[in-house]
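Numbering (the working numbering), first residue to last: 1 to 276. By construction, the Cβ of each residue, glycine as well, lies at the ideal position given by its N, Cα and C atoms. Report on the following structure.
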Ligand code: NAP
Ligand code: COA
């Protein structure tokens with residue numbers, strides 16, 4: 001076990017995080033930076049990218065960032081190419097960009113639905129498809145950031161449920177296609193995570209937050225670094241035989257179905273409606 005732990009060495013490894021300028025994805029990037037990895041990231045806003053790169057450099061290692069919208073293949077491809085040219089073949093590729101808002105299916109236009117599917121699902125295809133040619137082979141670890149919406153149907157989340165379920169099936173498909181190349185593809189399903197834009201949108205009031213916590217068997221929100229730890233594990237030799245898996249890191253939240261979290265979102269929707 002001691003040997004296995006010491007072999008989980010990310011010093012000098014190249015890690016790319018799509019959607020890495022904030023929240024859970026930045027938390028993951030920070031965990032790899034703390035381990036001595038060279039971390040590249042992209043997201044739409046140049047200012048947020050620049051701020052995140054400074055945060056990562058604060059951990060003492062090399063970091064770089066590019067503005068790129070994951071909906072646009074050419075932008076993602078350019079960012080991945082720049083990262084591989086600067087830092088070498090990509091050892092860990094994370095796809096975490098996402099969009100969310102709380103709305104009933106009848107309250108979202110076709111473009112609203114498409115916008116989230118394009119960011120989450122098409123974006124993950126673009127990141128992995130464009131990243132393939134730059135991966136360390138064999139050995140690369142690809143991780144998509146999924147969500148409980150991939151497993152349970154939630155009212156007011158038709159776009160996210162469809163997109164995240166699609167991501168998990170894409171992950172399984174790529175695990176089958178790319179396994180023979182020594183590439184592992186997995187997803188992490190975070191539960192409700194503290195201090196994130198996602199939970200600010202899904203459970204914006206103290207009442208909604210409490211409903212969300214009541215739905216977690218461990219009775220608390222998770223932390224960004226707990227998701228980062230799961231990404232480190234999945235990218236380490238300790239997970240060498242794990243591919244095509246959906247790993248919930250959620251305090252058990254996905255075991256209790258759509259109940260409490262669904263109530264939290266219902267409250268969020270009612271509050272938003274009342275505020276209009
Ligand atoms: P967040 O801080 O809003 O993170 C989303 C990131 O994606 C931002 O850095 C954003 O930066 C980037 N992004 C958005 N659209 C993009 C696009 N079209 N192209 C490139 N980058 C884009 O939210 P979060 O709550 O931490 O969520 C992060 C991930 O965790 C998401 O995949 C989410 O579904 C998942 N998740 C979150 C929770 C939670 O509790 N928060 C639970 C389960 C799953 P720019 O604005 O600069 O583009
Ligand atoms: N209810 C219903 N429709 C909504 C909506 C809401 N609350 N918010 C946006 N939309 C619709 C818009 O009206 C538009 O549809 P239309 O053209 O038919 O009017 C469509 O969604 C796209 O909106 P737009 O603002 O042009 O998209 P964008 O690409 O600039 O931003 C979002 C994407 C909407 C997902 C935005 O919230 C975002 O950038 N999110 C990233 C951060 C985030 O969501 N973090 C949490 C991750 S879990």
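Where does residue i sit, in a helix, a strand or coil, going by DSSP?
i	result
residue 248	strand
residue 25	helix
residue 119	helix
residue 172	helix
residue 44	coil
residue 277	Beyond the ends of the chain as shown, which are 1 and 276, falls residue 277; an answer cannot be given.
residue 267	helix
residue 135	strand
residue 160	helix
residue 1	Any answer about residue 1 is weak, because its pLDDT of 45 lies below 50 and its placement is not dependable; what the coordinates show is given next. Three-state result, residue 1: coil.
residue 106	helix
residue 260	helix
residue 179	helix
residue 78	helix
residue 85	helix
residue 166	helix
residue 276	coil
residue 126	helix
residue 62	coil
residue 32	helix
residue 255	helix
residue 50	helix
residue 111	helix
residue 154	coil
Run through the DSSP bridge pairs and tell me what residue i is partnered with.
i	result
residue 184	141
residue 67	43
residue 14	38
residue 90	135
Just to confirm, are residue i and residue j a CB contact at a threshold of 7 Å?
i	j	result
residue 95	residue 127	yes
residue 70	residue 97	yes
residue 252	residue 218	yes
residue 38	residue 75	no
residue 92	residue 225	no
residue 67	residue 40	no
residue 263	residue 184	no
residue 166	residue 135	no
residue 143	residue 111	no
residue 22	residue 49	no
residue 102	residue 268	yes
residue 137	residue 182	yes
residue 10	residue 35	yes
residue 100	residue 209	no
residue 194	residue 223	yes
residue 158	residue 77	no
residue 107	residue 175	no
residue 19	residue 43	yes
residue 279	residue 254	Any answer about residue 279 is impossible in this case: the structure gives the chain only from 1 up to 276.
residue 192	residue 221	yes
residue 14	residue 88	yes
residue 86	residue 56	no
Assuming residue i and residue j form a contact by the criterion Cβ under 8 Å, report the distance between their Cβ atoms to the nearest whole angstrom.
i	j	result
residue 261	residue 215	5 Å
residue 28	residue 227	6 Å
residue 151	residue 189	7 Å
residue 168	residue 146	5 Å
residue 170	residue 125	6 Å
residue 24	residue 196	6 Å
residue 31	residue 250	Incorrect: roughly 18 Å between the Cβ atoms, too far for contact.
Whole alpha helix (DSSP H) elements within the stretch 188-250, 4-residue minimum: 197-202, 206-214, 224-234
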